[in-house]
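Peer 1: Please see the structure below; I have some questions.
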Amino acid sequence: MSLVAILVGLAVTVALVAGIASGVVGLTRSRTPSAPAVRGHVTEVMKILTTGNLPGTGNQPQFTNPQWTVHVNERVTVKIVNFDDGTAPLMGAQMMYDKVVGSSTGQELVAGQALSSIPDTNVAHTFTIVGLPFNMPIPAAPTGKSVTVVASFVPTKTGTFTWQCYAPCGAGTNGMGGAMSTMKWMEGKIKVIA
Ligand SMILES: [Cu+2]
Numbered sequence: 001m002s003l004v005a006i007l008v009g010l011a012v013t014v015a016l017v018a019g020i021a022s023g024v025v026g027l028t029r030s031r032t033p034s035a036p037a038v039r040g041h042v043t044e045v046m047k048i049l050t051t052g053n054l055p056g057t058g059n060q061p062q063f064t065n066p067q068w069t070v071h072v073n074e075r076v077t078v079k080i081v082n083f084d085d086g087t088a089p090l091m092g093a094q095m096m097y098d099k100v101v102g103s104s105t106g107q108e109l110v111a112g113q114a115l116s117s118i119p120d121t122n123v124a125h126t127f128t129i130v131g132l133p134f135n136m137p138i139p140a141a142p143t144g145k146s147v148t149v150v151a152s153f154v155p156t157k158t159g160t161f162t163w164q165c166y167a168p169c170g171a172g173t174n175g176m177g178g179a180m181s182t183m184k185w186m187e188g189k190i191k192v193i194a
């Protein structure tokens, strides 16, 4: 371990202890794959914001909370609050991601309504973990508002899985640049541990 890494680790520890002591940092969930996960049924809240500024690309949509760690065989509820009112219709082979896959009910709740798919033309993003598999199509939000999409699953195998969006919501003529090709924007990691 380099001196810099040790110093950074020390600073983080001091900040955490200070935060806990002052009540600022509660017993919140871990946000990084290397941190221990909370036991039992957890809810991971992800927001899709359009206020991000991706260097070299400008304003791009971005998922918050892109990396989490959960326990195998314990329920995970994914709650996605989408503020993006733009659509990115699925095309070609990606059109299969308009359907809910791998959720406990076979459906997702979209603004409280149970649905098993979203019309391709109204898809804004997808939250897709091919390796499980698990898929949530996310519709565009009403302008100036947000739409909340909820589904849950129980991971049955350990490992580190990539999630990504399959809607061409990024930059460039094919929509696959910018956020779509940048880790922690339209792509992240989920670690499933014992
Ligand atoms: Cu997207």
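Residues in the sequence shown are numbered consecutively from 1, following our numbering. Where is the CB? At the ideal position from N, CA and C, for every residue including glycine.
1) For Phe63, write down the residues that DSSP places opposite it in a beta bridge.
2) From what residue to what residue does the beta strand (DSSP E) around Trp163 run?
3) Would the beta-carbon of Asp167 be found less than 6 Å away from any heavy atom of ligand 1?
4) Drop a sphere of 10 angstroms on the beta-carbon of Gln60, count the other beta-carbons inside from all chains shown, and report buried for 16 or more, exposed for fewer.
5) Return the Cβ separation of Ile190 and Ile129 in integer angstroms, given the expectation that the two are a contact with Cβ distance under 8 Å.
6) Could you pull out every residue in the same chain whose Cβ sits closer than 6 Å to the Cβ of Met180, ignoring the five residues on either side in sequence?
7) CB Asp98 to CB Val81, shorter than 7 Å?
8) Give me, in chain order, the residues of the same chain whose beta-carbon lies closer than 7 Å to that of Met176; leave out the 5 immediate sequence neighbours on both sides.
9) Run through DSSP, which three-state label would Ser181 get?
10) Consult DSSP for Gln94 and reduce its assignment to one of helix, strand or coil.
11) Sort out for me which residues DSSP pairs Glu108 with in a bridge.
12) Identify whether Thr43 lies in helix, strand or coil by the three-state DSSP scheme.
13) Suppose you measure from the CA of Gly188 to the CA of Pro66; what does that come to, to the nearest Å?
14) Using C-beta distances below 7 Å, list every residue in its chain close to Phe83, excluding the 5 sequence neighbours before and after it, in chain order.
15) Go ahead and pull the three-state DSSP assignment for Thr121.
16) How would you call Ala194, buried or exposed, if buried means at least 16 neighbouring beta carbons within 10 angstroms?
17) Going by other Cβ atoms of all chains shown within 10 Å of its Cβ, with 16 needed for buried, is Gln164 buried or exposed?
Peer 2: On the basis of the supplied data:
1) Per DSSP, Ile48.
2) Gly159 to Gln164 is the extent of the beta strand (DSSP E) around Trp163.
3) Checking the sequence shown, residue 167 turns out to be Ala, not Asp. Taking non-hydrogen atoms of ligand 1 into account, the C-beta of Ala167 is found less than 6 Å away from one of them.
4) Gln60 comes out buried.
5) Yes, Ile190 and Ile129 are in contact; Cβ-Cβ is about 6 Å, under 8 Å.
6) Sequence-distant partners of Met180 (beyond 5 residues in either direction) whose C-beta falls short of 6 Å from its own C-beta, in its chain, are Gly170 and Met186.
7) Going by C-beta atoms, Asp98 is not nearer than 7 Å to Val81.
8) Cβ neighbours of Met176 beyond the five flanking positions: Pro168 and Gly170.
9) Three-state DSSP puts Ser181 in a helix.
10) Secondary structure of Gln94 (DSSP, three-state): helix.
11) BP columns for Glu108 point to Leu115.
12) Assignment of Thr43 by DSSP, reduced to helix, strand and coil, places it in the strand class.
13) Taking C-alpha positions only, Gly188 is separated from Pro66 by approximately 5 Å.
14) Cβ neighbours of Phe83 beyond the five flanking positions: Lys47, Ile48, Leu49, Thr50, Ala141 and Ser146.
15) Note: Thr121 maps to helix in three-state DSSP.
16) Flag for Ala194 reads exposed.
17) That one is buried.
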